[in-house]
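Enquirer:
Residue numbers (the working numbering): 649 to 1246.
If you want it as structure tokens, here you go:
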């Protein structure tokens, strides 16, 4: 019986070992979170002639995926997601899987029409410089859209002037590129001891005439009385307090006040830094020393009067006042007597004042105890340029009204493209783009002037007349007194030397889609997609299409689903029914730019 029990125990032990071995070596099961499906890229730039592969990540092998391009003239895509750049332009690749659509925007730059810059985004601190370099053998012209924020010389040297954002354009005869420059204030980032702003800390503070304690660095104007106090200390426990100045040429020796050991008076003298010290002995004989820096400044402003202009002159109309003699710890407070006439913004050592509406006022700036008053007058001036663009040997007029007593000064940045007279008359010299600067006192407004080829302004003017005097009708589009979008273009071009024949027919206006096809066959589609207005000329044709048929006028079946054509008039304006300015709202459906006359 004992032997059987032993055998039974051995068997049970063996079974237990087997069970335990299974529990120890039970394979581990990993439960992975379901990976999200996404496209390998959502935005890219692809050189003409090059190709790459887009992948729909985490989609099952063999899954049904469809690939489509919005612009086959710029980018094509295969059934497996290989995209190839065909022409300069832009396109969106749409990928459909399980009723969900993914997209990737692709830009194909045109090396013949775009200049490569060493930087397209620059951040500068006031008064600093950056050398913008264009990689081209052609002659480059550099243009700043606002010299009040940053200037650029003939060699591409950008100088930061005032806080703000500005675009610098580098242009050759056939190409351009832009650089965005952000100018930051030169405010010094001062680091203060932790106790300075701690209202419960014991230390030396400046106090006002009324005894108010100032919890800040001690900055005070030169040649002025100043008072100090040891804050958060029990004066009843003080036996003795000796005050001193480390530099008596900057801060005079502090004088005792009757009836107080912890307050004292002194005088600031010349600009500089001194240390004020209070050596305190309490009634038990313990000695403590408290110190604080005193920064003595000589604040001044470079202007005492400002002539401002209201909203009628446009944006970037602010005037700047520069302060000198400050310290990085200087404190500045501002009050404005007429907030309806002007607004004020402080950048430590500069102040931006922007005209709002007609009126006058005084800005009181208090810097380290010194009060500086700046008077201003705001005029409701209006500065306008007569035409969006002009042609060679033709003129337009810049007019200024509402600026009583101010004589405008006009300057052309490139007299080889356009000149300007003292009365604001601008004359086109040759095809190109330049700026005319209008100086009103300390304020300068710049107008971008586009000079077009001979006859182009006649074409644009005729199209403008038709839009404003004739009726829109697709059924009667070719009759006198009526037009639709493509007939408008055709009739506009007919106004100069029968140029309508350059649009495919001298007797009939093609539809927008047919016109695109014709210009494409003549290699006159200069860009497949939308390019900036700096690369467009007055008279260029803008074609609109809609791949997703989101626009009710979209016409599926036509090339790129083209549904509309408009004429570029210069300075961001287009000629079409209603007329409008180029903006993101009406450029996202642009599928091509055609140039009829170079």
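Just so you know, even glycine gets a beta-carbon here, dropped at the ideal spot from N, CA and C.
Over the uninterrupted alpha helix (DSSP H) stretch that includes residue 692, give me the two end residues.
Expert: Working through the chain shown from its first residue, we reach residue 692 at position 44. Premise fails: residue 692 lies in the beta strand (DSSP E), 691 to 693, not in any alpha helix (DSSP H).
Enquirer: Identify the continuous beta strand (DSSP E) that holds residue 1261 and give its terminal residues.
Expert: Nothing about residue 1261 can be reported from this structure: the residues present for the chain run from 649 to 1246 only.
Enquirer: For the alpha helix (DSSP H) containing residue 1117, list its first residue and its last residue.
Expert: The count along the chain shown starts at 1 and reaches residue 1117 at position 469. Run containing residue 1117: 1104 to 1117, per the alpha helix (DSSP H) assignment.
Enquirer: Name the residue from 720, 827 and 1227 whose alpha carbon lies nearest to the alpha carbon of residue 1115.
Expert: To locate residue 1115, count along the chain shown from 1; it is residue 467. Of 720, 827 and 1227, the residue nearest in Cα terms is 1227.
Enquirer: Please state whether DSSP places residue 783 in a helix, a strand or coil.
Expert: Here residue 783 is taken as the residue at index 135 of the chain shown, counted from 1. Reduced to three states, the DSSP call for residue 783 is strand.
Enquirer: With distances taken Cα to Cα, identify the nearest neighbour of residue 1044 among 1028, 1072 and 1063.
Expert: Working through the chain shown from its first residue, we reach residue 1044 at position 396. Taking only the C-alpha atoms, the option nearest residue 1044 is 1072.
Enquirer: Using the DSSP secondary-structure output, state which residues sit across from residue 769 in a beta bridge.
Expert: By 1-based counting over the chain shown, the position of residue 769 is 121. According to DSSP, residue 769 bridges with 828.
Enquirer: Using the Cα positions of residue 1187 and residue 738, report the straight-line distance between them to the nearest angstrom.
Expert: Residue 1187 sits at position 539 when you count from the first residue of the chain shown. Residue 738 sits at position 90 when you count from the first residue of the chain shown. Cα to Cα, the separation comes out at about 22 Å.
Enquirer: Please identify the residue among 719, 743, 1163 and 734 whose C-alpha is closest to the C-alpha of residue 1254.
Expert: Residue coverage of the chain in this structure runs from 649 to 1246, which leaves residue 1254 outside it and unanswerable.
Enquirer: If you run the structure through DSSP and keep just helix, strand and coil, what is residue 1311?
Expert: With the chain represented from 649 up to 1246, any question about residue 1311 goes unanswered, as that position is not in the structure.
Enquirer: Unbroken beta strand (DSSP E) runs of length 3 or more, entirely within the region 866 to 943: which are they?
Expert: Fully enclosed beta strand (DSSP E) runs of 3 or longer: 866 to 869, 873 to 879, 886 to 893, 903 to 905, 908 to 915 and 920 to 930.
Enquirer: Would you list the one or two residues that DSSP bridges to residue 1242?
Expert: Here residue 1242 corresponds to residue number 594 of the chain shown, with the count starting at 1. Its beta-bridge partners are 1173 and 1189.
Enquirer: Nearest CA to the CA of residue 1107: which residue from 1083, 1173 and 1142?
Expert: Taking the first residue of the chain shown as 1, we reach residue 1107 at position 459. It is 1142.
Enquirer: Given a cut-off of 9 Å, decide if residue 1133 and residue 1217 are closer than it, judged by their beta-carbon atoms.
Expert: To locate residue 1217, count along the chain shown from 1; it is residue 569. To locate residue 1133, count along the chain shown from 1; it is residue 485. Result no, Cβ atoms of residue 1217 and residue 1133 do not sit closer than 9 Å.
Enquirer: Considering only C-alpha positions, which residue in the set 1004, 1085, 1147 and 757 is nearest to residue 1105?
Expert: Numbered from 1 along the chain shown, position 457 holds the residue referred to as residue 1105. Residue 1105 has its Cα closest to that of 1147, out of 1004, 1085, 1147 and 757.
Enquirer: Under 8 Å Cβ to Cβ from residue 915, same chain only, skipping five residues before and after it: list those, please.
Expert: On the chain shown, position 267 is the one that residue 915 refers to. Correct list, in chain order: 871, 872, 873, 874, 899 and 900.
Enquirer: Does DSSP put residue 995 in a helix, a strand or coil?
Expert: If you number the chain shown from 1, residue 995 lands on position 347. Coil, per DSSP.
Enquirer: Which residue or residues does DSSP assign as beta-bridge partners of residue 805?
Expert: Taking the first residue of the chain shown as 1, we reach residue 805 at position 157. Its beta-bridge partners are 779.
Enquirer: Mark residue 751 as exposed unless 16 or more other C-beta atoms lie within 10 angstroms of its C-beta, in which case mark it buried.
Expert: Within the chain shown, numbered from 1, the residue matching residue 751 stands at position 103. Under this definition residue 751 is an exposed residue.
Enquirer: Shortest alpha-carbon distance to residue 968 belongs to which of 994, 764, 979 and 684?
Expert: Locating residue 968 in the chain shown gives position 320, counting from the first residue. The candidate whose alpha carbon is nearest that of residue 968 is 994.
Enquirer: Can you find the residues in the same chain that come closer than 6 Å, C-beta to C-beta, to residue 693, ignoring five residues on each side of it along the sequence?
Expert: Along the chain shown, read from residue 1 onward, the residue named residue 693 stands at position 45. Around residue 693: 755.
Enquirer: For my contact list, residue 722 and residue 731 are in at a C-beta cut-off of 8 Å; report their separation, rounded to the angstrom.
Expert: As a first step, residue 722 is located in the chain shown; it is residue number 74 there, counting from the start. As a first step, residue 731 is located in the chain shown; it is residue number 83 there, counting from the start. Wrong, their Cβ atoms sit about 10 Å apart, outside the cutoff.
Enquirer: Between which residues of its own chain and residue 1200 is the CB-CB distance below 8 Å, once the five residues before and five after are set aside?
Expert: Counting from one through the chain shown, the residue named residue 1200 turns up at place 552. Per-residue confidence for residue 1200 stands at a pLDDT of 41, beneath the threshold of 50, marking its modelled position as unreliable; the derived number appears in the next sentence. Nothing meets the Cβ criterion.
Enquirer: Considering only their Cβ atoms, is the gap separating residue 792 from residue 778 smaller than 9 Å?
Expert: The residue given as residue 778 occupies position 130 in the chain shown. The residue given as residue 792 occupies position 144 in the chain shown. No; because the gap between Cβ atoms is not below 9 Å, this pair is not in contact.
Enquirer: Going by the CB atoms, is the gap between residue 855 and residue 938 shorter than 9 Å?
Expert: Taking the first residue of the chain shown as position 1, residue 938 is located at position 290. Taking the first residue of the chain shown as position 1, residue 855 is located at position 207. Result no, Cβ atoms of residue 938 and residue 855 do not sit closer than 9 Å.
Enquirer: Cα separation between residue 1239 and residue 1100?
Expert: Counting from 1 along the chain shown, the entry for residue 1239 is found at position 591. Counting from 1 along the chain shown, the entry for residue 1100 is found at position 452. Taking the straight line from one Cα to the other gives about 23 Å.
Enquirer: Alpha carbon to alpha carbon, how far is residue 1183 from residue 758? Give it in angstroms, no decimals.
Expert: Here residue 758 refers to the residue found at position 110 when the chain shown is read from its first residue. Here residue 1183 refers to the residue found at position 535 when the chain shown is read from its first residue. Taking the straight line joining both Cα atoms gives about 11 Å.
Enquirer: Please identify the residue among 1013, 998 and 990 whose C-alpha is closest to the C-alpha of residue 1004.
Expert: To locate residue 1004, count along the chain shown from 1; it is residue 356. Here the closest residue by C-alpha is 990.
Enquirer: Taking residue 1140 as part of the alpha helix (DSSP H), name the residues at either end of that continuous run.
Expert: For the purposes of this step, residue 1140 is taken as residue 492 along the chain shown, with counting starting at 1. Counting along the chain, the alpha helix (DSSP H) containing residue 1140 begins and ends at 1133 to 1142.
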